[in-house]
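Trainee: The structure's right below; bear with me while I get my questions together.
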Amino acid sequence: MVTKTRELETGGNQAAVDEMAKKVKVAKDNALEIMKKAGYDIGDVVQVMVDPQLPFMGYTMPRGNDKYRIVVSGGSVDSGLLEGLLVHEMSHVYRMKTRHLSHNGQVIEEAVNSFGKNVAKYDYQQKIMHDMLNDIQDLYADDLSFKVLRQSKILPIEDMSSFLQDWVKEEPSSSGDDRKDRWINAGIMIHNARAIAQMERHKVPDTGNKAAKANKEFLAKLPRTMSGQFEYFRNLLRNLDENLTEDNYRALLHNYLSKFLEIAEKN
Ligand SMILES: [Zn+2]
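Per the numbering used here: the sequence shown = residues 26 to 292.
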């Protein structure tokens, strides 16, 4: 979940800081409660902190001993999406706590390392690979969080539609650096596939075909060798299976990354 940071005008204003902490506490308790009601009790293992400068919505970090820290941005606190964000992050926690393979860092690291040290030499390449692996983990987290949000009616279905539709980009990057553009555009294509696959997994309607249309525009602007692989990624992401074995998850990640590198590195 990415949004623009809105810096908080707290500058030493203790009242504002306290107010924010109170809101976060209320949202945290609510999120824990509706998770539990939906069958995903994570217990008392989560600390929630606000980072006023964080340039995206939030993230979760394991702290050892099955404790976790969720960090949310200052901007998320009054965004109307704070509870939804916490349910998403708590779903990551549930996946980690229950040792779901999708969140097994070692298997993921091995999959990346199987391509050798030089597979992502530049920062932008590392970020793109990180994001595409995160898309898979997010889909597994959202299999829980969408169920929770739907059951608790926190996020009405129309909002789910527009939320996911907004992720689909229609403009490819054309910086003039061919290699970089290929990497970035392959990354956008996968991210589009993820949004569309997520709608399909959760039967969220693509109202007005907005996502499909934007993606079609996007694909039309790519080289055929790249756009021709869109369906591969959409299918892979749509069909991610709840039941994984270490071997099939390893193979899935390897194929996913290798197909990506094939299109990102192709001249
Ligand atoms: Zn996530």
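A virtual CB, placed ideally from N, CA and C, is assigned to each residue, including glycine.
Taking the alpha-carbon of residue 259 as reference, which of 221, 228 and 115 has the nearest alpha-carbon?
Mentor: Out of 221, 228 and 115, 221 has the C-alpha closest to the C-alpha of residue 259.
Trainee: Return the chain-ordered ranges of every alpha helix (DSSP H) run that is complete within the stretch 123-200 and spans a minimum of 4 residues.
Mentor: Correct list: 130-138, 148-176 and 182-190.
Trainee: If the criterion is Cβ atoms closer than 8 Å, does the pair residue 212 and residue 153 meet it?
Mentor: In contact: residue 212 and residue 153 (Cβ atoms closer than 8 Å).
Trainee: Give the straight-line distance between the Cα atoms of residue 265 and residue 39, rounded to the nearest whole angstrom.
Mentor: For residue 265 and residue 39, the distance between alpha carbons rounds to 46 Å.
Trainee: Within 10 angstroms of its Cβ, does residue 207 collect 16 or more other Cβ (buried), or is it exposed?
Mentor: Classification for residue 207: buried.
Trainee: Identify which residue in 281, 170, 184 and 284 has its Cα closest to the Cα of residue 118.
Mentor: Selected option, being the one with the closest Cα: 170.
Trainee: Do you know whose CA, among 239, 73, 201 and 226, lies nearest residue 214's CA?
Mentor: If we check each option's Cα against that of residue 214, 239 comes out closest.
Trainee: Here's the rule I'm using: 16 or more other beta-carbon atoms within 10 Å means buried, otherwise exposed. How should residue 27 be labelled?
Mentor: Reliability of the predicted coordinates at residue 27 is poor, the pLDDT of 41 falling under 50, and the value obtained from them is presented with this limitation in mind. That one is exposed.
Trainee: Rounding to the nearest angstrom, what Cα-Cα distance links residue 184 and residue 102 in this structure?
Mentor: Looking at the two C-alpha atoms, the distance is approximately 18 Å.
Trainee: In chain order, which continuous runs of the alpha helix (DSSP H) of length 4 or greater are located wholly inside the stretch 78-118?
Mentor: Those alpha helix (DSSP H) runs which fall completely within the stretch 78-118 and span 4+ residues are 99-102.
Trainee: Three or more C-beta pairs closer than 8 Å, one from the stretch 226-240 and one from the stretch 180-194: is that the case here?
Mentor: The stretch 226-240 is in contact with the stretch 180-194.
Trainee: Is it right to say residue 160 is buried, meaning 16 or more other beta carbons lie within 10 angstroms of its own, or is it exposed?
Mentor: It is buried - the Cβ of residue 160 has at least 16 other Cβ atoms within 10 Å.
Trainee: Under 8 Å between the Cβ atoms of residue 164 and residue 223?
Mentor: Yes, they are a contact pair.
Trainee: Just how far apart, CA to CA, sit residue 51 and residue 179?
Mentor: If I take the Cα positions, the gap works out to 14 Å.
Trainee: Thinking C-alpha only, which one of 182, 210, 202 and 194 is nearest residue 230?
Mentor: The candidate whose alpha carbon is nearest that of residue 230 is 182.
Trainee: Grab me the residues of residue 76's own chain with a C-beta within less than 8 Å of its C-beta, minus the 5 sequence neighbours each way, in chain order.
Mentor: Correct list, in chain order: 96, 97, 98 and 99.
Trainee: Please name the residue or residues paired with residue 73 in a DSSP beta bridge.
Mentor: According to DSSP, which records beta bridges pairwise, residue 73 is partnered with 95.
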